[in-house]
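Undergrad: According to my numbering, the sequence shown is numbered sequentially starting from 462.
We put the beta carbon where it would ideally sit given N, CA and C, even for glycine.
Structure below; questions to follow.
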Amino acid sequence: MAGMRLFSLCVLLCWFVGISSAAPSGFNFEETSFNDTLDGRSLKEREVFFTCGDPNFSPLLAEAIQDAERIMQNMIDHLELAISLYDEDASGELKADKRTRTQRTFDEHNAIMTYSMVISKIYFGPGNGLNESGLEKLKGTRDLAKTMHSQYSAFIAGQPVRWVRGGFPYLTIYCDDAEVYSERNSRGLTYTEATGNASTKVSNGKTLYWINQRRGVENGGEAWLLRDAVCALQPGTGQTRFGIVPANPNISAYVYPPDKTVIEETMVFCPTKFDEWTTIEASRIASGLHHRNLHVDIGSHPTDAQNAAALRLLAEPDFTTNVPPRSFRWLSDPLVATFIHESAHGFAFTGTGNTLIDVLCKKGTPDEQTTTSPSCLAQVARDLEGHRDAEAFAMYAMATWANAVFWARFKPLGRDTYTD
């Protein structure tokens with residue numbers, strides 16, 4: 462996109478502080494103002510920066526990041542609640558008076574059962590040797606959520622991010638790969654022309670493509686990097702960009718960590734998804750079925766309006782058709798769910814060595830799936846690998862936030878009628 466400017470994430474986000482705590486209402490994106498006076502600041506003094514010139518999508522992404530901070534705090538609260546159900550000796554045994562649904566509050570049961578069904582099974586019955594490792598997984602997810610919440614808060618506040626190699630890198634968020642990459646370097650040469658080497662490399666059976674990056678490179682330089690795919694600019698297969706790099710229409714967003722020459726982490730949101738995310742936001746606000754409408758604080762009860770919204774949600778075709786119902790995917794539709802997923806991949810939010818992955822089902826086959834498929838998500842949770850999966854992490858965050866209903870069966874159930 463031409464004319465891109467580099468914006469402070471804090472500048473963009475702080476505009477929303479006055480409205481974000483209220484129930485969702487329409488946004489007047491035209492009122493958003495930006496400040497580009499931070500463009501020339503020294504890299505070593507940087508905070509977190511946000512570059513995106515799309516007048517509709519930029520404020521929507523800023524709102525999603527603001528939401529993510531609150532959703533992550535709520536996730537921490539639910540994980541702490543689940544941990545409180547266990548004996549304090551780290552044995553992984555549930556307290557004798559917390560072992561069944563009837564012994565727990567709704568919030569307690571929701572916290573532990575949603576984890577078991579969405580992320581990973583963690584309790585196997587009294588005296589089972591797997592219980593201890595299950596509790597360790599639960600605590601590990603809690604610790605990761607705390608780290609991510611702390612980073613979200615720092616970024617939103619515009620606080621400097623202390624950066625050292627091997628720690629939390631700087632992060633720049635882009636809304637098009639063209640803001641970051643190019644086929645040719647500053648001298649107008651392709652990788653092959655500049656180096657005399659082939660433009661591709663095969664690693665672990667996957668073809669990777671050399672591409673030039675000029676943003677976030679040490680000493681303001683440029684670097685040749687290997688990438689397997691980039692965002693598509695339109696629907697349909699067979700697309701390429703930046704020469705012969707595959708442009709995948711199924712990619713919504715992605716993140717790449719820093720390396721030896723690139724000292725910033727790169728997060729990209731794909732333009733082909735902008736209209737879809739904007740439409741989802743607008744339609745859910747209009748229907749009163751936005752995820753903010755469906756949030757109930759721990760220890761509280763849904764309001765009459767939330768009960769009415771829950772009934773409307775339960776009657777949605779997404780959950781009542783047999784073609785098949787989209788069920789749990791409803792939670793993954795909002796932009797905030799994608800942001801949480803991608804930030805769980807990012808060193809800037811998790812710290813080096815703590816990132817989550819995309820766990821695969823039927824790996825290496827034509828039917829290979831990621832956990833964005835509810836059936837794959839359920840399978841991974843049963844196979845005890847879900848605590849490593851970014852989508853499972855994001856879906857637990859969303860399910861415990863939109864808790865005017867109970868999501869642990871992969872579709873919403875009434876808070877008073879669930880049977881788990």
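Would C636 and D758 qualify as a contact pair, given that the criterion is a beta-carbon distance under 7 Å?
TA: Against a cut-off of 7 Å, the Cβ pair of D758 and C636 comes out as no contact.
Undergrad: How would you call D828, buried or exposed, if buried means at least 16 neighbouring beta carbons within 10 angstroms?
TA: Exposed is the call here.
Undergrad: Looking only at its chain, what residues have a beta carbon closer than 8 Å to the beta carbon of K582, apart from the 5 residues adjacent to it on each side?
TA: Here the set comprises G595, A842, R843 and L845.
Undergrad: Are at least three pairs of beta-carbons, each pair with one atom in the segment 601-611 and one in the segment 698-710, less than 8 Å apart?
TA: Contact fails: fewer than three Cβ-Cβ distances are below 8 Å.
Undergrad: To the nearest angstrom, how far is the alpha carbon of Q674 from that of E725?
TA: Their backbone Cα atoms lie some 11 Å apart in a straight line.
Undergrad: In the DSSP assignment, find the beta strand (DSSP E) that holds Q674 and state where it starts and stops.
TA: Q674 -> beta strand (DSSP E) spans K667 to Q674.
Undergrad: Under the assumption that A525 contacts F789 (Cβ atoms under 8 Å), give the Cβ distance between them as a whole number of angstroms.
TA: A525 to F789, Cβ: 19 Å. No contact.
Undergrad: Do V716 and H802 have their C-beta atoms within less than 7 Å of each other?
TA: It is not a contact, given that the beta carbons lie outside the stated cut-off.
Undergrad: When the Cα atoms are used, what is the spatial distance from C822 to A839?
TA: Using only the alpha carbons, I get a separation of about 10 Å.
Undergrad: Just how far apart, CA to CA, sit M536 and F518?
TA: When rounded, the distance between both Cα atoms is 26 Å.
Undergrad: Hey, out of F567, Q527, A523 and L522, whose CA is closest to A543's CA?
TA: Measuring from the Cα of A543, the nearest candidate turns out to be F567.
Undergrad: Note the first and the last residue of the continuous alpha helix (DSSP H) segment covering W791.
TA: Its alpha helix (DSSP H) spans residues R790 to S793.
Undergrad: How many angstroms separate the CA atom of K872 from the CA atom of W738?
TA: Spanning the two alpha carbons is a distance of roughly 21 Å.
Undergrad: Please look up how many angstroms separate the CB atoms of F730 and A714, rounded, as I've assumed it's under 8 Å.
TA: Between A714 and F730 the Cβ distance is about 5 Å, and since that is below 8 Å, they are a contact.
Undergrad: Runs of 4 residues minimum, wholly inside the segment 606-662: which ones carry the alpha helix (DSSP H) assignment?
TA: The qualifying runs are 652-656.
Undergrad: Would you tell me roughly how many angstroms separate the C-alpha atoms of S793 and A853, rounded to the nearest one?
TA: The alpha-carbon atoms of S793 and A853 are separated by roughly 10 Å.
Undergrad: So the candidates are A865, W868, M533 and V723; which of them puts its Cα closest to the Cα of T602?
TA: Looking at the Cα atoms, M533 is the closest of the given residues.
Undergrad: Indicate whether the contact test is met: 3 or more Cβ pairs, each with one atom in the segment 556-567 and one in the segment 745-752, closer than 8 Å.
TA: Contact fails: fewer than three Cβ-Cβ distances are below 8 Å.
Undergrad: Please look up how many angstroms separate the CB atoms of S647 and E683, rounded, as I've assumed it's under 8 Å.
TA: Their Cβ separation, rounded to whole angstroms, is 6 Å, which keeps S647 and E683 in contact under 8 Å.
Undergrad: Could you check what DSSP says for A869 in three-state terms: helix, strand or coil?
TA: If DSSP states are grouped into helix, strand and coil, A869 belongs with coil.
Undergrad: Would you decide whether Q695 is buried or exposed? Buried here means 16 or more other CB atoms lie within 10 Å of its CB.
TA: Looking at its Cβ environment, which holds fewer than 16 other Cβ atoms inside 10 Å, Q695 is exposed.
Undergrad: For P835, report the span of its alpha helix (DSSP H) as first-last.
TA: Per DSSP, P835 belongs to the alpha helix (DSSP H) from P835 to R843.
Undergrad: Let's see if you can read the secondary structure: which residues bound the alpha helix (DSSP H) around E737?
TA: That run of the alpha helix (DSSP H) goes F735 to S748.
Undergrad: In whole angstroms, what separates the C-alpha of T782 from that of K824?
TA: Straight-line Cα distance between these residues: approximately 29 Å.
Undergrad: What span of residues does the alpha helix (DSSP H) with N768 cover, start to end?
TA: It spans D765 to L775 - the alpha helix (DSSP H) in which N768 sits, taken as one unbroken run.
Undergrad: Helix or strand or just coil, what does DSSP make of N571?
TA: Helix.
Undergrad: With a threshold of 8 Å on Cβ separation, who are the neighbours of T831 within its own chain once the five nearest residues in sequence on each side are excluded?
TA: Answer for T831: D819, V820, L821, C822, C837 and E852, listed in chain order.
Undergrad: Kindly indicate which three-state DSSP category R688 falls into: helix, strand or coil?
TA: The answer is strand: DSSP assigns R688 an E or B state.
Undergrad: DSSP has L821 in a bridge; who is on the other side?
TA: Bridge partners of L821: T831.
Undergrad: Using the Cβ count rule (16 or more neighbours within 10 Å means buried), how would you classify E679?
TA: When all chains shown are included, E679 counts as exposed.
Undergrad: Roughly how many angstroms separate the alpha carbons of D736 and I746, rounded to a whole number?
TA: In a straight line, the C-alpha of D736 is about 15 Å away from that of I746.
Undergrad: For the putative contact between T575 and Y857, defined by C-beta atoms under 8 Å, what is the C-beta separation to the nearest angstrom?
TA: At roughly 6 Å, the Cβ-Cβ gap stays under 8 Å, so T575 and Y857 are in contact.
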